[in-house]
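Contents: one structure, followed by commentary.
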Amino acid sequence: MKNIVLLLSLVLLVASCKKDVDNKEENTAVSSTLINGSIVFTDSINEAPDSFIVYYFDREQNKYENSQAQFDENGTFNLTLDIAQPTTAIAYAGQQINLFLVPGDSLTISGTVNGAQSENNTIKLDGSRTKEFMAVKNYFENNPIKVDPFYEPGADKDPMDLHIYLLKKEDEFHQYNKNYLNNPNIPEEFKKVINANDKYFLVNARLEFLNYANYIGKEIPAIDSEYFEGMKNLPDFTKDDLTYGALTNAIASSYKNYLRERLVFDKPGVSPDSLSSIVSKQIIKDNSKPILNQYATFSTALKTFENHDLDFYQNNQQAIEQQLKGSDFLAILKREYEKEKELLERPEIPKESEILEFASTEPSNYLNEIISNSKGKVIYIDNWATWCGPCKAEFKEASPALHEKFKDDVEFVYLCHASEKKAYLPSIAQFNIKGKHYFLNDQEGPVVQEQINLEGFPTYTIINKKGEIVQSDYIHRPSYPKTTTLLESLINE
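For the sequence shown, UniProt numbering assigns the number 1 to the initial residue and increments by one for each residue that follows.
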């Protein structure tokens, strides 16, 4: 379970650096990678998944992407991914399957799944590189370091327990990687992943556990303790290390967090609001770890673009461009900046979208106004925020598909909460969100959120023809098959 949660929180691969490139990008040709197969789910599975999902990373955008294909009644699926560079990927079909995909690959996945961690699962990989596919799968599955037990309910483990365990396993882990580097079935590109794993996995395992330890109320080691020794002496990235973006991105993020905590430790009087700005400027100026710092700046800027915010880049543009000079990072960043600037200045709202304001001046009346305007239709309210990753994930494919299926019978309403208004219209334009849109400010939002029992973002509120709330939760998202079933049932009432 912990692996799946981790998967959703990480960003995978990043663009590589080139010595002789300033504002020219590395030439990459997008090629289709075909994944198909058939999975049998046994009766021991409480609820078999309805689709096969692959999470991978778009190096150009420096962010996670996912693609999915529905299983038919026989458990068969077909999926096409368009990728430009070799990438690690994680598939999920009742259990996690680690992959290393190359543009043009053809892969067949088949077998029986009895449970997410069941030893009786019989997943097989076949296709254009069968031996390599299986070698990569086995490399991840047979890792001698097992951190999952530290996350299990009732384990009662604190960070120093993990630290001691990792120290005991360190030599075995390095020897394991060395053995796989000599495995003739391991692709040369994947050896870069193994080398990066050998350098950074142990550091990352320690840092990653801190979030969980803090959540369950365990004491966090002091920032100057031996627990953080690996981060203190963190080696710089190499170009090859960036092939394993799941790890290097996590390390870069932890590196920024470490610098923030170190700053608080060294200068207790620093304002919390200024910490991120100080650390970002420190990273821009620091030449001690060139590629790591370049990537940290690059990822920070792209993250702000993703939230439709250009301030960080514009306020530090000269210093950033000087730091990134000669790298692919700069070319990509400039391109994405121009795209985002255009989107902010001239957002193109879909023809089937209505940008509305409530007639009532009382937020407590907004929900009734939505019901009244629906004229007896079933209502599907998407409560979202411009910075919300899961919201955006649904906007890509599932939300448009649901709208297209029910647009004549369901009133689709989108309430934007807790967001900067400057990012509101660009987000609607970016994802081509069709329906009725309202923006709620910081005074209006909490009133509506209490009325619908908001769980967080996104929350989906379904109202029947009588104006009664039937469901208001995250579960009934557009991609959830039972959402379609429920809407059909309400329409036919």
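A virtual CB, placed ideally from N, CA and C, is assigned to each residue, including glycine.
Remember, it's a predicted structure, so these values are computed and weren't measured experimentally.
Between the alpha carbons of ALA296 and PHE305 lies a distance of about 14 Å. Using a Cβ distance threshold of 8 Å, VAL410 and LEU486 do not count as a contacting pair. Burial check for PRO149: the Cβ neighbour count within 10 Å stays below 16, so the residue is exposed. Contact between PHE100 and GLY37 is absent: CB atoms are separated by about 17 Å, not below the 8 Å threshold. With a threshold of 16 other beta carbon atoms within 10 Å, GLN322 falls short and is exposed.
Taken through DSSP and simplified to helix, strand or coil, SER327 comes out as coil. If only uninterrupted beta strand (DSSP E) runs of at least 3 residues are considered, those enclosed by the stretch 351 to 401 are 353 to 355 and 378 to 384. With a contact defined as Cβ atoms closer than 8 Å, LEU242 and PHE298 miss out at about 11 Å. In the DSSP annotation of this structure, the continuous segment of the alpha helix (DSSP H) that includes GLY230 starts and ends at 229 to 232. Separation of PHE329 and GLN318 (C-alpha to C-alpha, rounded to the nearest whole angstrom) is 15 Å. Taking 8 Å as the upper bound for CB-CB distance, PHE395 and HIS403 are not in contact here, some 10 Å apart. Taking all protein chains in view, the Cβ of HIS476 is crowded by 16 or more other Cβ atoms within 10 Å, so the residue is classified as buried. Partner residues in a beta bridge of TYR176, as assigned by DSSP, do not exist. Residue burial is scored here from C-beta neighbours: HIS174 has fewer than 16 other C-beta atoms within 10 angstroms and is therefore classed as exposed. Burial check for GLU354: the Cβ neighbour count within 10 Å stays below 16, so the residue is exposed. Your pair SER419 and ALA393 does not check out as a contact, with CB atoms roughly 17 Å apart and the cut at 8 Å. Spatial neighbours of GLU65 in its own chain (CB-CB distance under 8 Å, excluding positions within 5 residues in sequence) are listed in chain order as TYR55, TYR56, PHE57 and ASP58.
A distance of 8 Å or more separates the beta carbons of TYR244 and LYS285.
Scanning GLY94, THR112, ALA84 and TYR92 for the CA closest to the CA of VAL102 turns up ALA84. Measuring C-alpha to C-alpha distances from LEU210 to each of GLU229, LEU162, LYS199 and ASN249 identifies LEU162 as the nearest. By the Cβ criterion, the stretch 349 to 366 is in contact with the stretch 429 to 438, since at least three pairs of Cβ atoms, one from each stretch, lie closer than 8 Å. The three-state reading of DSSP puts PHE457 in coil, since its state is none of H, G, I, E or B. Here GLN96 carries a strand assignment [DSSP, helix/strand/coil]. Rounded to the nearest whole angstrom, the C-alpha separation of ILE97 and PRO49 is 14 Å. Going by C-alpha positions, THR112 is about 52 Å away from ASN365.
DSSP, read as helix, strand or coil, puts TYR56 in strand. Look at the beta carbons and you see the stretch 178 to 194 not touching the stretch 154 to 169: under three pairs across the two are nearer than 8 Å. With a contact defined as Cβ atoms closer than 8 Å, PRO159 and TYR227 qualify at about 6 Å.
For the set ASN74, THR33, GLU73 and TYR139, the Cα lying nearest the Cα of GLY127 is the one of THR33.
In the structure shown, the three-state DSSP call for ALA213 is helix. A direct Cα-to-Cα measurement between TYR460 and ASP236 gives close to 44 Å. Between the alpha carbons of PRO347 and ALA246 lies a distance of about 32 Å.
Shown here, LEU310 sits in coil according to DSSP, grouped into three states, outside any helix or strand. With contacts defined as CB atoms closer than 8 Å, ASP240 and ASN185 fail to qualify as a contacting pair. For THR483, the uninterrupted alpha helix (DSSP H) segment begins and ends at 481 to 491.
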